[in-house]
Every structure is written in structure tokens, then in C-alpha cells.
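What follows is a short report on a single structure.
Protein chains: 4
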Amino acid sequence: MIEFHLEKRTGVAPYMQLVHQVKQALRLGLLQPGEQLPTVREVVSKVAINPNTVSKAYRELEHEGLVESRPGIGTFVKKSLVNSSPDLQEALRHELLQWLYKAFEADLDSEDIAALFANTLRQFQKEEKPTHTS
Amino acid sequence: MIEFHLEKRTGVAPYMQLVHQVKQALRLGLLQPGEQLPTVREVVSKVAINPNTVSKAYRELEHEGLVESRPGIGTFVKKSLVNSSPDLQEALRHELLQWLYKAFEADLDSEDIAALFANTLRQFQKEEKPTHTS
Amino acid sequence: MIEFHLEKRTGVAPYMQLVHQVKQALRLGLLQPGEQLPTVREVVSKVAINPNTVSKAYRELEHEGLVESRPGIGTFVKKSLVNSSPDLQEALRHELLQWLYKAFEADLDSEDIAALFANTLRQFQKEEKPTHTS
Amino acid sequence: MIEFHLEKRTGVAPYMQLVHQVKQALRLGLLQPGEQLPTVREVVSKVAINPNTVSKAYRELEHEGLVESRPGIGTFVKKSLVNSSPDLQEALRHELLQWLYKAFEADLDSEDIAALFANTLRQFQKEEKPTHTS
DNA sequence: GTGGTCTAGACCACG
DNA sequence: GTGGTCTAGACCACA
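Chains as they are written, first to last, in my numbering: chain A, 288 to 421; chain B, 288 to 421; chain C, 288 to 421; chain D, 288 to 421.
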């Protein structure tokens with residue numbers, strides 16, 4: 288079962304954070320078709336958020352065809368977003384963890400790391416796929 | 288000179304994106320104290336954004352003591368945010384790039400990668416510093 | 288509840304006047320931590336000012352850690368700025384009022400009085416604390 | 288000869304500060320008709336301000352008929368703004384100084400005092416002249 | 001030309 | 001109904 292976490296201050300709308308987290312979990316295979324999302328009440332009890340906001344997030348996900356709400360029962364995953372084999376992903380994750388250790392030992396804090404990653408990924412994308420954004 | 292880029296759709300307020308990008312550049316040493324940020328009008332001419340929004344971002348940065356705006360002249364970097372030596376950072380970036388290549392070869396797209404990174408960093412943080420942020 | 292008043296013509300930015308008035312009230316204990324500031328819309332309905340301008344003032348105060356805005360609820364005082372006991376302050380105010388009466392009887396108008404006060408306070412400060420603000 | 292002082296951060300336009308200070312001096316009799324204001328260059332050499340800004344202030348004062356500029360010579364006071372006898376004013380100033388001492392001994396800082404004064408004067412005005420601001 | 005400010009009016013996220 | 005944000009367009013003070 289996915290566990291939500293909200294970060295205030297980021298300026299990202301809470302409902303968007305939930306949507307994003309579900310999508311992430313779908314991409315990583317942490318959430319499989321058929322699996323149930325926590326009920327609105329469960330989320331509320333754990334994350335300090337307004338029920339309406341949770342509902343809005345679920346509605347958004349349903350609108351995108353990723354989940355399905357069965358009234359009175361709950362919300363269920365409808366579609367997967369995994370692109371690669373779990374094994375490959377696990378291997379990549381393992382290497383990434385090692386890299387993270389190094390970064391931490393080099394005295395970079397989480398935000399430094401995030402900045403470095405964002406910047407490098409961006410640079411990588413530019414090189415990799417110079418898609419014409421006419 | 289830093290170059291801004293806006294990503295609509297993310298749900299993140301444009302002015303926050305600018306703030307974030309400046310902070311990132313400061314962390315990566317791409318922006319040094321004394322250096323000038325592009326003028327509001329320059330940003331506007333390149334990024335399709337309202338001058339007020341850019342001003343808002345710059346003002347936010349000024350409030351945080353990171354930049355200083357000198358009316359009639361421009362906005363300048365006041366404080367650095369670099370934590371580690373450029374060499375170390377470069378080494379880390381290099382390794383990260385290699386990892387990114389692998390990930391791409393494993394058919395993960397940018398969003399998969401971002402999801403994997405976010406998830407792994409989060410997991411890493413939990414293990415590393417279980418600080419109680421009561 | 289604090290009541291704002293704007294003075295055009297002074298050349299002081301309206302949002303700064305609001306900021307100043309809140310700070311004054313905080314110094315005088317007229318505004319206590321936990322107390323709510325009038326909502327943006329309330330201010331607008333009474334003071335002939337643009338909502339954005341009020342927001343700007345409130346945001347400035349929030350940046351200084353004096354108030355806290357809770358979206359969807361309102362803006363609340365977070366920190367006090369009182370330096371002296373209410374009794375002492377009241378005594379001083381009483382004496383000051385008597386002085387004001389005398390000044391008025393001497394045919395000084397408000398602006399004369401303000402000028403005299405500003406000038407005397409300035410002179411007083413010079414004598415009292417010749418701090419070198421190099 | 289009047290001595291100007293600029294306070295950044297107040298949000299008051301520098302040229303307005305100069306205008307204001309001249310008016311104050313006129314009200315207090317510190318500047319008499321016929322007396323010369325410092326030349327633009329003199330002001331610039333002491334106050335870190337742009338010559339244009341000083342000129343603007345003087346122009347404003349001339350426009351209000353308070354001073355007169357004699358090209359090539361200087362700017363001279365044309366009109367007085369004193370309302371009361373110097374003796375009376377001196378007496379009031381003396382009493383005010385004593386009040387200021389008390390206030391300082393009561394641990395109020397300059398800004399507290401200014402706040403208290405502004406607030407009390409305002410309250411006083413309300414009582415004294417309930418002029419119809421229809 | 002630079003940043004700073006204001007108004008007007010609009011939409012959004014949240015409670 | 002609350003604050004938060006954005007756009008559009010305008011004027012000002014300053015270098």
C-alpha cells in the first residue's frame with residue numbers, strides 16, 4: 288500500500304503531490320493494477336490534509352485513466368506505467384544508492400544532490416534527444 | 288549568466304521555478320557572488336513570463352539574502368551556496384551521467400528516471416538521518 | 288482588530304504604510320500573537336486599495352516572521368514586539384498627550400509638531416548613542 | 288546650513304526625504320528666508336545621492352514657492368513656515384527632550400518611541416479636530 | 001534602461 | 001470566503 292507524504296513550502300499544490308506520488312509508484316511498479324489506494328479517510332488520518340483535496344487527487348487520477356473508483360468500496364489501480372523489468376530497475380536503484388552514499392560522504396546535502404541530479408538530467412536530455420520543439 | 292526555463296504543467300508556480308533555478312545554480316557554483324542575474328526585461332524577452340512574476344522571484348531571493356537588487360542597475364548574487372569542491376562535484380556528475388546512460392539504455396524515460404531517483408533519494412534519507420522533525 | 292488608514296501624498300508606498308502600521312501596533316501591544324489581521328478583502332472594502340497591495344504587505348510581514356498566513360483561513364500575528372510594560376507605556380502616552388495639548392495651544396499644527404518631534408528625536412539619538420554605523 | 292540625511296529602507300523616495308527635511312527646517316525656523324541651501328555638489332559629496340535627485344528635490348521646493356534658484360549662484364530660501372515664537376518652540380523642545388529621556392529609561396527604543404508618538408498624535412488629532420472629511 | 005509599485009481583473013487551491 | 005498567483009499595462013525614482 289502506497290504511503291503518501293506531503294511537503295509544504297514547495298509551492299506544489301497538495302493534490303498535485305498526491306497525484307505525482309501515485310504516478311511515481313506506478314512507474315516504479317510499487318503499485319500494481321488491481322491494488323487498492325488508501326481510502327480518503329486513511330490518507331486524511333495520516334497526512335493532515337483536507338478530504339476534498341484527497342478526493343480531488345483521486346478524481347484527477349481517474350480522469351487520466353490510471354485508477355478506477357468503485358463507490359462505496361474504494362479506489363483501485365487500473366493501469367500500469369512500468370517500462371522496464373523489475374530486475375533492471377533494481378539494479379539501477381542499487382547503483383544509484385551507491386552514488387548517493389558517495390555524494391553524502393562528499394558533504395552534499397539532500398538539496399545539493401537534488402540540484403545536481405536535476406541539472407545533470409537536464410543536460411543529459413539536451414544531448415540525448417534534441418527533439419524539435421518547433 | 289544563468290538561463291531560465293519554465294515548465295508549465297508541473298503545477299509549480301512560475302516564480303517558484305525561477306527561485307528554484309537560481310538556488311540550484313548557487314548550489315552548483317554556476318552562479319557566483321557578485322555575478323549579475325539577467326534583468327527582468329531580459330528574462331521576459333526569453334521566457335514568456337510577466338515582468339511582475341520575475342520581480343516576485345527576485346524579491347523572494349532577496350528576502351532570503353541570496354541576491355541583492357540595486358535599483359537602476361540590476362540584480363546581483365550576494366551569497367554562495369556551494370558545499371563541496373568543484374572537483375568532487377564534477378566527479379559525482381560524471382558518475383551520475385554514466386548511470387543515466389545505463390538507465391536510458393534500459394528503456395526508462397526521463398520521468399521514470401526522475402521517479403526512480405526521487406524514490407531512492409527518499410528511501411536513502413530515511414535510512415541516513417532519521418531526524419525527528421516533531 | 289487593527290484598523291488601517293492610508294495617507295496618499297506622503298510618497299510612502301501604500302503597502303509599506305500597512306506594514307508600518309502593523310509593526311506599530313505590535314510595538315504598542317495593540318496587536319497580540321494569535322490575533323487575526325483583517326482579511327485582505329476586509330481591508331480592501333475599507334481602505335480603497337488593491338487586494339494585491341494588501342497581500343504584498345501581509346507577505347512582507349510574513350517574511351519578517353511577524354505574521355503567518357494560513358491559506359483559506361486568514362492571516363495571524365505570530366510574534367510580539369512589545370518592549371515595555373503596558374503601564375509604563377500608558378504613563379508615557381499620558382505625558383505625551385499633555386505635551387501635545389501645550390503644543391497645540393502654542394498654535395503649532397500637526398505638521399509643526401511632527402517636525403519638532405522628528406528633529407528632537409534625531410538630536411536626542413545623536414547624543415544618546417553615537418554608534419558608528421560605518 | 289541644513290544638513291541632509293538619507294534613510295534607505297524606509298521606502299520613501301530620496302528626493303522626497305530632502306524636500307521633507309527642508310520643510311521641517313523651515314517649520315522649525317532652522318532655515319530662514321534668504322539663507323542658502325547647500326549646492327547640489329555639496330549635498331552629493333556628503334550624502335551619497337545622485338545629483339539629478341538633489342536637483343529634483345530643489346525643483347520641487349521651488350515649485351512650491353519655498354525656495355528660489357538663482358542659476359549659477361545657488362538655491363535660496365524664499366519663504367518661512369514658522370508658526371510660533373522661537374521661545375515657545377524652545378520650551379516645547381525642552382519638555383519633549385525630558386520626555387524622551389524618560390522613554391529611553393523605560394527601555395523603549397527609537398522605533399518604539401516613534402510608534403508611540405505617531406499613535407498618540409493620531410489619537411490626539413481625532414479628538415481635537417473632528418473635521419468633516421466628507 | 002533598471003528595478004519598484006500600483007491597479008484591474010482573473011483563476012486556483014483550500015477549508 | 002480565504003490567501004496565492006498570474007497577466008496586462010501603467011507610472012515613478014534612479015543611474
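Virtual Cβ for every residue (Gly too), placed ideally from N, Cα, C.
Checklist entry - Would you say Ser397 (chain A) reaches chain B, if we count a Cβ-Cβ gap shorter than 7 angstroms as a contact? => result yes
Item to check | Residues of its chain near Pro321 (chain A), where Cβ-Cβ distance is below 7 angstroms and the 5 sequence neighbours each way are ignored | outcome: The sequence shown places Gly at residue 321 (chain A), rather than the Pro named in the question. Once the five neighbours on either side are set aside, the close Cβ partners of Gly321 (chain A) are Phe363, Val364.
Checklist entry - Would a check of beta-carbon distances place Val299 (chain A) closer than 7 angstroms to chain B? => result yes
Checklist entry - Just checking my contact of Ile289 (chain B) with Gln308 (chain B) at CB under 8 angstroms: how many whole Å lie between their CB atoms? => result Right, their Cβ atoms sit about 7 angstroms apart.
Checklist entry - Run through DSSP, which three-state label would Arg296 (chain A) get? => result Looking at Arg296 (chain A) - three-state DSSP - the assignment turns out to be coil, as it is neither helix nor strand.
Checklist entry - Is the CB of Phe411 (chain D) under 7 angstroms away from at least one CB in chain C? => result yes
Checklist entry - In whole angstroms, what separates the C-alpha of Ser332 (chain C) from that of Val341 (chain C)? => result Going by the C-alpha atoms only, they are around 11 angstroms apart.
Item to check | Spatial neighbours of Ala335 (chain C) in its chain, beta-carbon cut-off 8 angstroms, leaving aside the 5 residues before and after | outcome: Leu293
Item to check | Per-residue DSSP class, three states only, for Thr420 (chain C) | outcome: Because the pLDDT of Thr420 (chain C) is 47, which lies under 50, any placement of that residue in the model is unreliable, and the number read from its coordinates should be weighed accordingly. Coil, per DSSP.
Checklist entry - Buried or exposed: Ala378 (chain C), going by 16 or more other Cβ atoms within 10 Å of its Cβ? => result exposed
Next on the checklist: Comparing C-alpha positions only, which one of C:His381, C:Gln376, C:Pro358, C:Ala402 sits nearest to Asp394 (chain D)?
Outcome noted: Considering only alpha carbons, the answer is C:Gln376.
Checklist entry - When the cut-off is 7 angstroms and only beta carbons count, does Ser421 (chain C) lie next to chain D? => result Because the pLDDT of Ser421 (chain C) is 42, which lies under 50, any placement of that residue in the model is unreliable, and the number read from its coordinates should be weighed accordingly. Ser421 (chain C) does not count as touching chain D.
Item to check | Test: Met288 (chain A) CB closer than 7 angstroms to a CB of chain B | outcome: No, because no Cβ of chain B sits closer than 7 angstroms to the Cβ of Met288 (chain A).
Item to check | Where Val369 (chain D) falls: helix, strand or coil (DSSP) | outcome: coil
Checklist entry - So with Cβ pairs under 7 angstroms, would you call Asn339 (chain B) a contact of chain A? => result no
Next on the checklist: Less than 7 angstroms between CB atoms is the rule here; does Glu347 (chain C) satisfy it with respect to chain D?
Outcome noted: Taking Cβ atoms only, chain D never reaches closer than 7 angstroms to Glu347 (chain C), which makes this a no.
Item to check | Interface flag, Asp394 (chain D) vs chain C, CB-CB below 7 angstroms | outcome: Any Cβ of chain C closer than 7 angstroms to the Cβ of Asp394 (chain D) would place that residue at the interface, and such an atom is present.
Next on the checklist: So, at 7 angstroms on beta carbons, what are the nonlocal neighbours of Ala312 (chain B) in its own chain, with the 5 sequence-adjacent residues on each side left out?
Outcome noted: Counting only Cβ-Cβ distances below 7 angstroms, and skipping sequence neighbours, we find Ile289, Leu318.
Checklist entry - Among residues of its own chain, excluding the 5 on either side of Pro301 (chain C), which ones have a beta-carbon nearer than 7 angstroms to its beta-carbon? => result Leu293, Ile336, Thr340
Item to check | First and last residue of the uninterrupted alpha helix (DSSP H) at Phe411 (chain D) | outcome: 397 to 415
Next on the checklist: Can you find the residues in the same chain that come closer than 8 angstroms, C-beta to C-beta, to Ser421 (chain C), ignoring five residues on each side of it along the sequence?
Outcome noted: Bear in mind that a pLDDT of 42 at Ser421 (chain C), under 50, signals an unreliable position, so the number given afterwards is only what the model happens to contain. Result list for Ser421 (chain C): empty, nothing under 8 angstroms.
Checklist entry - Going by alpha carbons, who is nearest to Tyr388 (chain D) out of C:Gln412, C:Val299, C:Thr297, C:Pro373? => result C:Gln412
Checklist entry - Going straight from the alpha carbon of His381 (chain D) to that of Arg380 (chain C), what length do you get? => result 17 angstroms
Checklist entry - Are the beta-carbon atoms belonging to Arg314 (chain A) and Ala344 (chain B) less than 7 angstroms from one another? => result no
Item to check | CB contact check: Ala402 (chain D) to chain C, cutoff 7 angstroms | outcome: So, interface residue.
Item to check | Per-residue burial, Asp374 (chain B) [other beta carbons within 10 Å of its own, 16 or more giving buried] | outcome: exposed
Checklist entry - By the criterion of Cβ-Cβ separation under 8 angstroms, what are the contact partners of Lys389 (chain C) in chain D? => result Leu379, Glu382
Next on the checklist: With H, G and I counted as helix, E and B as strand and the rest as coil, what does DSSP make of Glu355 (chain B)?
Outcome noted: Note: Glu355 (chain B) maps to strand in three-state DSSP.
Next on the checklist: Suppose you measure from the CA of Glu415 (chain D) to the CA of Phe404 (chain C); what does that come to, to the nearest Å?
Outcome noted: Looking at the two C-alpha atoms, the distance is approximately 19 angstroms.
Item to check | Contact set between the stretch 360 to 376 of chain D and chain C, restricted to residues whose Cβ is under 9 angstroms from the partner | outcome: Leu368, Val369, Asn370, Ser371, Ser372, Leu375, Gln376
Next on the checklist: Strictly below 7 angstroms CB to CB, what residues from chain A border Glu415 (chain B)?
Outcome noted: Phe391
Checklist entry - Closest to Asp399 (chain D) by CA distance: which of C:Arg357, C:Val306, C:Ser371 is it? => result C:Ser371
Checklist entry - Mind pulling the beta strand (DSSP E) runs of 3 or more residues that sit fully within the stretch 319 to 357 of chain C? => result Complete beta strand (DSSP E) runs here, min 3: 354 to 357.
Checklist entry - In chain order, what residues of the stretch 306 to 324 of chain C put their CB closer than 7 angstroms to some CB of chain D? => result Gln311, Arg314, Leu315
Item to check | Partner residues on chain D for Leu353 (chain C), Cβ-Cβ distance less than 8 angstroms | outcome: By Cβ distance, chain D contributes nothing, its closest Cβ being about 13 angstroms from Leu353 (chain C), past 8 angstroms.
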